[in-house]
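Report on the structure given below.
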Amino acid sequence: MVNKWVKRLYTLLIFTFLYAPIVVLIVFSFNDSKSTARWEGFTLDWYRSLFQNRYIMKSLYYTVLVAIISSISATAIGTFAAFGIFYMRTWKQKLVLNVNSIPLLNPDIVTGVSLMTLFVAMNMELGLMTMIIAHITFSVPYVVLSVLPKFKQMPGEMLEAAMDLGATPWYAFKNVILPEIKPGIITGGLIAFTLSIDDFVISFFTTGSGVSNLSIAIYSMARRGIKPEINALSTLMFASVLILLLIINKRTKIEDI
Amino acid sequence: MLKRIASGPYLVWIVLFILIPILMIGFFSMVRTDAETGAYYLTATNFARVFEPVYIAVWTRSIKIALEATAICLLLGYPMAMILAKMNARYRTIAVMLFVVPMWMNFLLRTYAWMTILGKNGILNKILMFFGLPQMTFLYSEGAVLLGMVYNFLPFMVLPIYTVLSKMDQSLIEAAEDLGGNKVNVFRKVIFPLSLPGVVSGTSMVFMPAVSTFVISNLLYGGQYMLIGNLIEQQFLVVNDWFFGSAISIILMILILATMAVMNRLSGNNPEEGGVNLW
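Here the protein sequences come in this chain order: A and B. For the first sequence, position 107 matches number 107 in my numbering, and the numbering has no gaps at all. For the second sequence, position 90 matches number 1090 in my numbering, and the numbering has no gaps at all.
Right, here's the structure in full:
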């Protein structure tokens, strides 16, 4: 009995630790004062100034743009890659999968500086394009790893069977294989999208002046001290994360990804 | 035919954007440019500099604070994972989801949240004042960085351990109990050894980002040369000594990959299945 209460108390303490900072941000995003210490009445001013802040709005635009372009490209490249990798000879498959796991294992900062070195050496101007390339690079491995298992679960020789029955390779891929691996593609695409939305370190090194995503904007604002607009931004982001998770949770139950 | 060309674009991509960049920093770590002609020449000075006492101090500080963060996460996280695994199925889904939600919040915002709490005019100091205690500077200390790491990475420790614990064969535990094992012995000899793969993957998922971070230390500590990540960032973006920066990056990469290899060997984990599956 005592044991049960110890467990409950411990759970409560851990969850307080996890959520207290978020609650503080949310509460003070409605505070009618620049300070984050005293409550001086309810206001929506910070939300207003958040939406009027051109730097943040521009960063939001780039964040979404980069996430959409990079996750779609990464999903396409990764799906075809997984298809090819699945039919490769064992040693080649092992080799490719090992290289594939480099961006997963390597510290972000090393991936970031190495890509930056490459872009500078290639005389590419750091900016939107380089950031998209970098995001595709760190997303594809996740797509490959979420699609490949679906190929392995597929009943054997489906492609051959379809082609024996007269399907062209492309037709067989589209109508036989694609439905089988669809859950893996959706999972991979969603992972790529969220990774891109959330990325800071790699974007920080691979973007140039004028182009920044939300993470970079938050970083540069936070370095100059506490800004109530960031509190408002946190509240909005927290709300969207919650909604997104609820949707995904529902999806998972329906389609059993 | 389609089978062969399907992975073509990705193979090109891999070579161009994964292999070549790493080979490039590998190359840069071993050369410097001649001040007069601007030509590259082979040298070991970059690596030699990494082992100068100033930088050795940065390495040891980074590794020490990352180990501390990992240990605290393990101590806090293991009991939490056990509680979650034994929870009534009805509450469990919600509890696990509550663990995942903060992880989905932007990492910068989570760290920024602590700036507002620990700051000179932050909540913590107001609470101290309320009780008539002297104000303290929490922010810009090593403790703040450690706290930031534990806060950001705790879910990475809890979730893999939870996954292993919840999939554990309950009959093994019952058998141990039937054979007369008391709670301590059952945990020590059955549950803990079986949960090791989760512990290993949690440990590496906390240690890796902790040892290479520069964001947490920059926001919660401020100063320069705090951790190895800050050193790399400075070399590339402030000092512009890419050769020295490359040498540090290469050593960091080797350190991390070697740790991962050892960890995987230890747990018999398949690297392809490593990590938590949140989906």
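Just so it is clear, CB atoms sit at the ideal spot from N, CA and C, and this is done for glycine as well.
In its own chain, which residues sit with a C-beta less than 6 Å from the C-beta of Ile191 (chain A), not counting the 5 before and 5 after it? Tyr142
Would you report the Cα separation of Met1087 (chain B) and Ile1248 (chain B), rounded to the nearest angstrom? 45 Å
Touch check for the segment 1101-1110 of chain B and the segment 1236-1243 of chain B: three-plus C-beta pairs under 8 Å? no
What does Phe42 (chain A) pair with, by DSSP beta-bridge criteria? A:Asn31
Near-chain A residues of the segment 1106-1119 of chain B - C-beta to any C-beta below 9 Å: Asn1106, Phe1107, Leu1108, Leu1109, Arg1110, Thr1111, Tyr1112, Ala1113, Trp1114, Met1115, Thr1116, Ile1117, Gly1119
Assuming contact is defined by CB atoms lying nearer than 8 Å, are Ala81 (chain A) and Ser1166 (chain B) in contact in what I supplied? no
Quick check: the Cα distance between Pro228 (chain A) and Gly208 (chain A), rounded to an integer number of angstroms? 26 Å
Unbroken beta strand (DSSP E) run spanning Val1031 (chain B), endpoints: 1031-1033
Determine, using beta carbons only, whether Ser1204 (chain B) and Met1260 (chain B) come nearer to each other than 8 Å. yes
List in chain order: all unbroken alpha helix (DSSP H) runs of 4+ residues lying wholly within the segment 1164-1235 of chain B. 1170-1178, 1183-1186, 1192-1212, 1215-1220
Gly184 (chain A) and Ser146 (chain A) closer than 8 Å at C-beta: yes
Determine whether the Cβ of Ala1006 (chain B) lies closer than 8 Å to any Cβ atom of chain A. yes
Can you check which of these residues, B:Leu1220, B:Ile1123, B:Pro1102, B:Ala1144, is closest to Pro1155 (chain B) by C-alpha distance? B:Pro1102
Of all Cβ atoms in chain B, is any one closer than 8 Å to the Cβ of Pro103 (chain A)? yes
For chain A, find out if any of its Cβ atoms is closer than 8 Å to the Cβ of Leu1219 (chain B); answer yes or no. yes
Closer than 7 Å by beta-carbon distance: list the chain B residues that pair up with Val241 (chain A), in chain order. Val1101, Trp1104, Met1105
In this structure, does DSSP put Leu1042 (chain B) in helix, strand or coil? strand
Supposed contact pair Thr111 (chain A) and Ile202 (chain A) - C-beta distance, whole angstroms, cut 8 Å: 6 Å
Val1164 (chain B) to Phe1027 (chain B) span [Cα, whole Å]: 42 Å
Give me the chain B residues within the contact set of Tyr10 (chain A), using Cβ-Cβ distance strictly less than 8 Å, ordered along the chain. Pro1079, Met1080, Ile1083
Put Met1105 (chain B) into one of helix, strand or coil per three-state DSSP. coil
Determine, using beta carbons only, whether Thr1037 (chain B) and Val24 (chain A) come nearer to each other than 8 Å. no
Alpha carbon to alpha carbon, how far is Leu1011 (chain B) from Lys92 (chain A)? Give it in angstroms, no decimals. 11 Å
Can you tell which of B:Met1024, B:Ile1083, B:Trp1013 has the C-alpha that lies nearest to the C-alpha of Leu13 (chain A)? B:Ile1083
Near Met1208 (chain B), what residues of its chain come up, given a Cβ to Cβ distance below 7 Å and the 5 sequence neighbours on each side ignored? Ile1256
Roughly how many angstroms separate the alpha carbons of Leu236 (chain A) and Ile26 (chain A), rounded to a whole number? 9 Å
Per-residue burial, Ala1044 (chain B) [other beta carbons within 10 Å of its own, 16 or more giving buried]: exposed
If you compare alpha carbons, which of B:Arg1032, B:Leu1076, B:Leu1019 is closest to Val1199 (chain B)? B:Leu1076
Could one say the Cβ of Val1215 (chain B) lies closer than 8 Å to chain A's Cβ atoms, at least one of them? yes
Output, in sequence order along the chain, the residues in the segment 1176-1199 of chain B whose CB is closer than 7 Å to any CB in chain A. none
By Cβ distance below 6 Å, which residues in the same chain neighbour Asn1270 (chain B) in space, the five residues on each side in sequence not counted? Note on Asn1270 (chain B): pLDDT 48, under 50, position unreliable in the model; no value is reported.
Segment contact flag, the segment 1063-1070 of chain B with the segment 1129-1149 of chain B, C-beta cutoff 8 Å, min 3 pairs: yes
Run down chain A in chain order and give the residues with a C-beta less than 7 Å from the C-beta of Pro1021 (chain B). Ser114, Leu115, Thr117, Leu118
In its own chain, which residues sit with a C-beta less than 8 Å from the C-beta of Leu1128 (chain B), not counting the 5 before and 5 after it? Pro1134, Gln1135, Met1136
Let me see if you follow: with CB-CB separation under 8 Å, is Lys1003 (chain B) close to chain A or not? yes
Taking just the CA atoms, how far does His135 (chain A) sit from Thr117 (chain A)? 16 Å
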